[in-house]
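If you're matching positions, the sequence shown starts at 2 in the numbering used here and goes up one per residue.
Everything on this sheet refers to the single structure shown next.
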Amino acid sequence: MKKLLVPTDFSDTSKNAALFAAQMAADIQNAKIILIHVSDKITGGSDGSPLTEDDDDRRVILTQALSQLKDELLAVVPQAPIEFAMEKGSSLVETLTRYVRYQAIDIVVMGITGATRLEQIFMGSNTLDMAKESACPVLIIPPDAKYRTIKNVVLASDFKEVETSIPVAPLKATLDLFKPALHIVNVDSEHYVELTDEYKAERKKLEVMFKDYKPEFSFIRQYDFFDAISQYVDDKNIDLILIVPKDRSFVPSLFKTSHTKRLAYHSHVPIVAIHE
2 MKKLLVPTDF SDTSKNAALF AAQMAADIQN AKIILIHVSD KITGGSDGSP
52 LTEDDDDRRV ILTQALSQLK DELLAVVPQA PIEFAMEKGS SLVETLTRYV
102 RYQAIDIVVM GITGATRLEQ IFMGSNTLDM AKESACPVLI IPPDAKYRTI
152 KNVVLASDFK EVETSIPVAP LKATLDLFKP ALHIVNVDSE HYVELTDEYK
202 AERKKLEVMF KDYKPEFSFI RQYDFFDAIS QYVDDKNIDL ILIVPKDRSF
252 VPSLFKTSHT KRLAYHSHVP IVAIHE
């Protein structure tokens, strides 16, 4: 059974991600949702002040909150298999990373919000850090994303050393969840009418890698990656964007300084970050 882990802090952002995950799980054969809350202290009240009860009382309160969230999701998606778990830890990312490994999680589903710069720094950082550290794919749900059946998926690639830089196994595992049409896109300001021999060679390798999915290739000559991908998503009715970071430093090098972070915060289409 496929396991979808959905961290929640009971915010609107995390609830939207949980609803997305529940609807997605209902579409996937043999999949279940695990709602998880990680905290060293449970907070209470509108001011977020720590509760004074002991650990047993906190566990009761947290269990009630998770049970209520589960009921809210089942009211919308009654066929979704949903469980919940509680973990204690001072670091959300470290605790989730450990849980992913020990419980053999297939994909983590997390919301992200970016209405203001402050929210991007504090509320988005955990999601981006999890995408950096996770041993499994991380599905990032933008604030306005609503679930629809995943029929068209685009993989953004730089077409450089694809045999060593593309994590074929986790990519195929993600694709197999949905059985979508696969689009592979490269955006480069240097593209001309005829592809270079290097691009042709890398395309051939990708054709072999993903032959079972019969990918459609597009090479877009444009300076702005975000604009190019956004337009492609709209033109091709894309339901999911796949991003393959080159190394574990991709959060500072990509999310914080270029187009991938813009996609995470401003796309209406979910994004999956998959490591080598």
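Don't be surprised by glycine CBs; every beta carbon is placed ideally from N, CA and C.
- In this structure H269 is exposed. Its beta-carbon is surrounded by fewer than 16 other beta-carbon atoms within 10 angstroms.
- Distance from the CA of L183 to the CA of K4, rounded to the nearest whole angstrom, comes to 23 Å.
- Partner residues in a beta bridge of K212, as assigned by DSSP, do not exist.
- With fewer than 16 other CB atoms across the displayed protein chains lying within 10 angstroms of its CB, S68 is exposed.
- Using a C-beta cut-off of 8 Å, the region 196-203 makes no contact with the region 166-185, since fewer than three inter-stretch Cβ pairs fall below that distance.
- Looking at the backbone, the Cα of E88 and that of S40 are separated by about 7 Å.
- Inclusion of V154 and L207 in the CB contact set at 7 Å is not warranted, their separation being larger than that value.
- Within its own chain, the residues whose Cβ lies closer than 8 Å to the Cβ of Y233, once the five positions on either side in sequence are excluded, are V155, H184, V186, S219, I221 and I239, listed in chain order.
- Between the C-alpha atoms of E217 and Q65 there is a straight-line separation of about 47 Å.
- The C-beta separation of V273 from T175 comes to about 6 Å, placing the pair in contact by the 8 Å criterion.
- Spatial neighbours of C137 in its own chain (CB-CB distance under 8 Å, excluding positions within 5 residues in sequence) are listed in chain order as V101, I106, D107, I108, V109 and P171.
- Per DSSP, the unbroken beta strand (DSSP E) holding F85 starts and ends at I83 to E88.
- For F21, the closest alpha carbon among the candidates M2, A146 and T9 is that of A146.
- Where S15 is concerned, the enclosing alpha helix (DSSP H) starts and stops at D13 to D28.
- The C-beta distance from A81 to L70 rounds to 12 Å, too long to fall under 8 Å, and the pair is not in contact.
- For the 7 Å CB-CB criterion, I37 and I83 do not form a contact.
- In the same chain as I151, and ignoring 5 residues on each side of it, the C-beta atoms closer than 6 Å to its own belong to F179, P181, D240 and L241, in chain order.
- For P8, the three-state secondary structure derived from DSSP is strand.
- Of the candidates Q24, R59, S92 and V209, the residue whose Cα lies closest to the Cα of A76 is Q24.
- In this structure M111 is in contact with P8, their Cβ atoms being roughly 6 Å apart against a cut-off of 8 Å.
- Rounded to whole angstroms, the gap between the alpha carbons of F160 and K205 is 10 Å.
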